[in-house]
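Q: This structure is in structure tokens; I'll ask about it shortly.
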Amino acid sequence: MMINKRRGRLAAAAVVMATTLGMTAACGGGGEETAGGGSSSAPAEKITLTLQTFGGGTNFGYKAAVEKWNAEHPNIQVKYNNLTPDFENTYWPQMLNWLQAGKGAGDVIGIDEGGMGLAKARPQFFTDLSQYGLLNRQNDFPAWKWENGINAEGKLFALGTDVGGMSVCYRKDLFEKAGLPTDREEVAKLWPTWDDFIATGQKFQEKVTDVKFVDGLNTWFNVVLSQEAAKNGNISYYTKDNQLAVETNPAVKAAFDFAVKVKQAGISAKLRNFQDPWLAGMRKGAFATVGCPGWMLGVVQGTVTEDGKNADAGKGQWDVATVPGGSGNWGGSWLAVPKQTKHPKEAAELLNYLTSPEAQLMAFKEGGNLPSTIPAQDSPELQNAVNEWFSNAPIGKIFGPSVKSLPPIYLGEKHSQTKAEVENVILGMDDGSIPVDQAWQRFISEAKKVAEG
Amino acid sequence: MSLNVDTGRVRRAPTPPRGSRHAGRKPPGSGLLARFDLRVTPYVLISPYFLLFAVFGFFPLAFTLWTSFQKYELAGEARFTGLDNYVKLMGDADFWNAVVNTVGIFILSTIPQLILALLLANALNKRIRGRLFFRLGVLIPLVTSVVAVAVVFTQLYGRDYGMINWVLGFFGVDNIAWQNEKWSSWLAIATMVDWRWTGYNAIIYLAAMQTIPKDLYEAASIDGATPRRQFWQITVPMLRPVIIFTVFVSTIGGLTLFAEPVLFNNGTMSGGSTGQFQTVAMYIVEKGFRQFEYGYAATVAWMLFVLILIGVLLNYSLVRRIGGGR
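Protein chains in written order, with the working numbering: chain U, 64 to 516; chain L, 64 to 389.
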């Protein structure tokens, strides 16, 4: 018994040593190998990597890409785990706790733009990707997407996945019911400006009473904020030296004022985005339009089709039109490898694969997530892309031209927490618990509370 | 009964019973080892509890107190700031809002809950058909998980597709956004709490009722007391120790209310857009784990501890007067 146990231990030790040797050996040549998109080097034992993401519907759109990886890498299996639709209130706080505790975070994790400010300021949480040869990816990315993945210590810790881009998703059947045109070209002509958009909403509401024109104030507040931020020094709630800019940045006030207009027009279904009633409303047709950055297409499709279980549900019911007010960049994410991972090399390889032009195009096909790499943006696959579920909308043409000129918006270290608080005010204004004339004061004071901590 | 046992012990005390451990040995207290055995062993035997308490009870308490004197951000530096957090907390409108919500929901849920439990227990104590079935039935909600209860109730209270609004619609009531107002959200959360805990309290009351001697009721009946009068003059006063216990437990549970209001707002800690139903426990999590102000969250946690102490003492002084005994 005793001897057996010892032998067992020795055997285990041998295995561990062999694996370590194998891994260091693989590391030696890893730099060049990983550059290709991560095929080669297999570890001696079967390992499982966990990929943690957030977002509604198809979220990061990695289903197909992960399946392909798992088929090609029998020894490095990936568990793709989308934790929650809500980044600010659920995913990011939980993730930070795991990072702080040194346990619980996946081997590769998704980070929304709103969390990147904080992630950059905490280099101790993330693996330096340059040791695995990922510095050679620089030419794939636009400068801003690349630079945002470099932390306070000057180390590369994250690579970009997708970018925002902007459009309007609308329900054709509901538009028809309201006597509005349904063709996407004509629909786009309805709203050259945001005021026209609201006027269209009021016209819609005259004919249709049981369904509202927009989902809620919050989605549209964010759409306008992303457009306006691009016109006002590319900043949002914080200046580039992390000072609160809610009062001084005209973009914030402009977006807020737009939210007030939507409120006063009475065209809001008063649903808070990314929460259950909103998702239910999307399935049941409680609103006719929703602001659609590229990735939102996947949220809509995934929600209505219940993650593909009823693949044909709602097919051809929705369409995509251009947005008033020009392009904006809302959302877009990065992938990083937490320092706590036991397999940093393999995780970096996976990260490299998932952010490759190839995988980004797969995600684009799956969920409409617009690629952030230049080769993928230039590819005919993107330019000529059509989304079958969204009434064959030519999303390549709708998003394509704007994708490359998307403005990078600076988001401060406390952006995520601040966003959660001020959006509560927008929500309160929406549901009527905060009077419109007091909302702006409250908006500022809530932001200040977070900023001052 | 208890009297008999007491006298028995007293009688036996001077001479240890034969065949006991010490029978063949020297009288206790003579050897050093024996004295050590007598003095120390009891403490060793009860020490596991105190060790566990030290690790899982006292240490967190003390560490929280220490943290509450610091400005301590996630993965940032901790700086000792003395009583700054407490001073700030006293003027923090959000904190006081959370206190009002917590106390409000507590009152709205506990008082009907305990009264209902008392009446329920009284009914179950009577001779009725299928008594066992009903007795077990009231306990069933307790077996369900809090999360399940909260999720289901939140759907029932849904604004657009909820069943309660659907039923109210037949009476011409417009859809109520239950999360929007203090009164409606408190009411909704109170029903979740009551649904789950009323049966538990009823069973405890029922158990206590069965220890009340029957002759008291017989005597009262002979004297012509109505069942109602018997309930208030005999049952309730006899239950007083148990009522005090249930009030304590529900005070602690009510003031640390967390899961129901969190799930009522889709798992967010804000408790509605203006904090209509944000409880103190939620405020702790929001500050500590959403905005990463660990020090401040620790301060709030200590204040909640104080709040519970005050609540328990207040309730104790109220409940002591039950039945007009003293």
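Glycine included, C-beta positions come from ideal geometry on N, C-alpha and C.
Going by the CB atoms, is the gap between V274(U) and L334(U) shorter than 7 Å?
A: Contact: no.
Q: Give me the Cα-Cα distance between P498(U) and G264(U), rounded to the nearest whole angstrom.
A: Roughly 22 Å separates the two Cα atoms.
Q: Roughly how many angstroms separate the alpha carbons of I371(L) and N415(U), rounded to a whole number?
A: Spanning the two alpha carbons is a distance of roughly 52 Å.
Q: Any beta-carbon of chain L closer than 7 Å to the one on N152(U)?
A: It does; some Cβ of chain L falls within 7 Å.
Q: Would H406(U) pass as a contact of I174(U) if the rule is Cβ separation under 7 Å?
A: No; because the gap between Cβ atoms is not below 7 Å, this pair is not in contact.
Q: Bridge partners for V226(U) per DSSP, in chain order?
A: BP columns for V226(U) point to L433(U).
Q: Applying a beta-carbon distance threshold of less than 9 Å, which residues of chain L neighbour G495(U)?
A: Going along chain L in sequence order, the residues near G495(U) (Cβ under 9 Å) are A240, N243.
Q: Can you pull the chain L residues whose beta carbon is under 7 Å from the beta carbon of D339(U), in chain order?
A: Per Cβ cutoff of 7 Å: N329.
Q: To the nearest angstrom, report how far apart T298(L) and D339(U) are at their CA atoms.
A: Cα to Cα, T298(L) sits roughly 47 Å from D339(U).
Q: Anything in the stretch 295–322 of chain U with a Cβ closer than 7 Å to a Cβ of chain L? List those residues in chain order, please.
A: So nothing in the stretch comes that close.
Q: When DSSP labels each residue in this structure, what does F521(U) get in the three-state scheme?
A: Absent from the model: residue 521(U). The displayed extent of chain U is 64 to 516, so no value can be given.
Q: Taking DSSP's pairing of strands, which residues face I330(U) in a bridge?
A: Bridge partners of I330(U): none, in fact.
Q: Compare the C-beta of N487(U) with all C-beta atoms of chain L and state if any pair is closer than 7 Å.
A: Interface residue, yes.
Q: Below 8 Å CB to CB, which residues in the same chain sit around R384(L) once its five sequence neighbours on both sides are set aside?
A: No residues qualify anywhere along the chain.
Q: From the DSSP output, in three-state form, read off P401(U) for me.
A: It is a strand residue.
Q: For K142(U), list the residues DSSP reports as bridge partners.
A: T113(U).
Q: Would you list the residues sitting across from V142(L) in a DSSP beta bridge?
A: In the sequence on display, residue 142(L) carries Arg and not Val. Per DSSP, K134(L).
Q: Cβ of T309(L) less than 7 Å from any chain U Cβ?
A: No, no contact with chain U.
Q: I'd like the list of long-range same chain contacts for P186(U), defined as Cβ closer than 8 Å, with 5 residues on each side in sequence excluded.
A: Here the set comprises N214, A215, E216, K218, F220.
Q: Is the Cβ of E323(L) closer than 7 Å to any Cβ of chain U?
A: Cβ-Cβ to chain U under 7 Å: no for E323(L).
Q: Please decide whether L95(L) counts as near chain U, where near means a Cβ-Cβ distance under 7 Å.
A: Taking Cβ atoms only, chain U never reaches closer than 7 Å to L95(L), which makes this a no.
Q: Going by C-alpha distance, which of W365(L), Q133(L), V236(L), A180(L) is nearest R259(L)?
A: Nearest C-alpha to R259(L): A180(L).
Q: Counting only the same chain and skipping the five closest in sequence on each side, list residues whose C-beta sits under 6 Å from that of L181(U).
A: Here the set comprises E476.
Q: What is the DSSP secondary structure of N450(U), counted as helix, strand or coil?
A: Correct three-state label for N450(U): strand.
Q: Who are the near neighbours of F462(U) in its chain, counting only those whose CB is closer than 6 Å to its CB and skipping five residues on each side?
A: Excluding sequence neighbours, F462(U) sits near G228, G357, L433.
Q: Under 7 Å between the Cβ atoms of N487(U) and S336(L)?
A: Yes, Cβ-Cβ distance for N487(U) and S336(L) is below 7 Å.
Q: For E239(U), does the three-state DSSP call read helix, strand or coil?
A: Three-state result, E239(U): helix.
Q: Hey, out of Q403(U), N281(U), A134(U), F189(U), whose CA is closest to M492(U)'s CA?
A: Checking every option, the nearest Cα to that of M492(U) belongs to N281(U).
Q: Under the DSSP definition of a beta bridge, which residues are partnered with Y301(U)?
A: BP columns for Y301(U) point to L307(U).
Q: Please report the residue range of the beta strand (DSSP E) in which D382(U) lies.
A: Per DSSP, D382(U) belongs to the beta strand (DSSP E) from 381–384.
Q: Which of helix, strand or coil does DSSP assign to L474(U)?
A: Residue state, collapsed to three classes: coil.
Q: How many whole angstroms separate the CB atoms of E136(L) and G516(U), which I take to be in contact at a CB cut-off of 8 Å?
A: Going by Cβ atoms, the distance from E136(L) to G516(U) rounds to 7 Å, so yes, they are a contact pair.
Q: What's the call for A270(L), buried or exposed, on a 16-neighbour Cβ count within 10 Å?
A: It counts as exposed.
Q: Under DSSP, the alpha helix (DSSP H) around V56(L) begins and ends at which residues?
A: No statement about residue 56(L) is possible, as the shown extent of chain L runs from 64 to 389 and does not include it.
Q: Output yes or no for whether 7 Å exceeds the beta carbon distance between Y112(L) and T362(L).
A: No; because the gap between Cβ atoms is not below 7 Å, this pair is not in contact.
Q: Taking all protein chains shown into account, decide if E248(U) is buried (16 or more other Cβ within 10 angstroms of its Cβ) or exposed.
A: Classification of E248(U): exposed, given that the 10 Å Cβ count is below 16.
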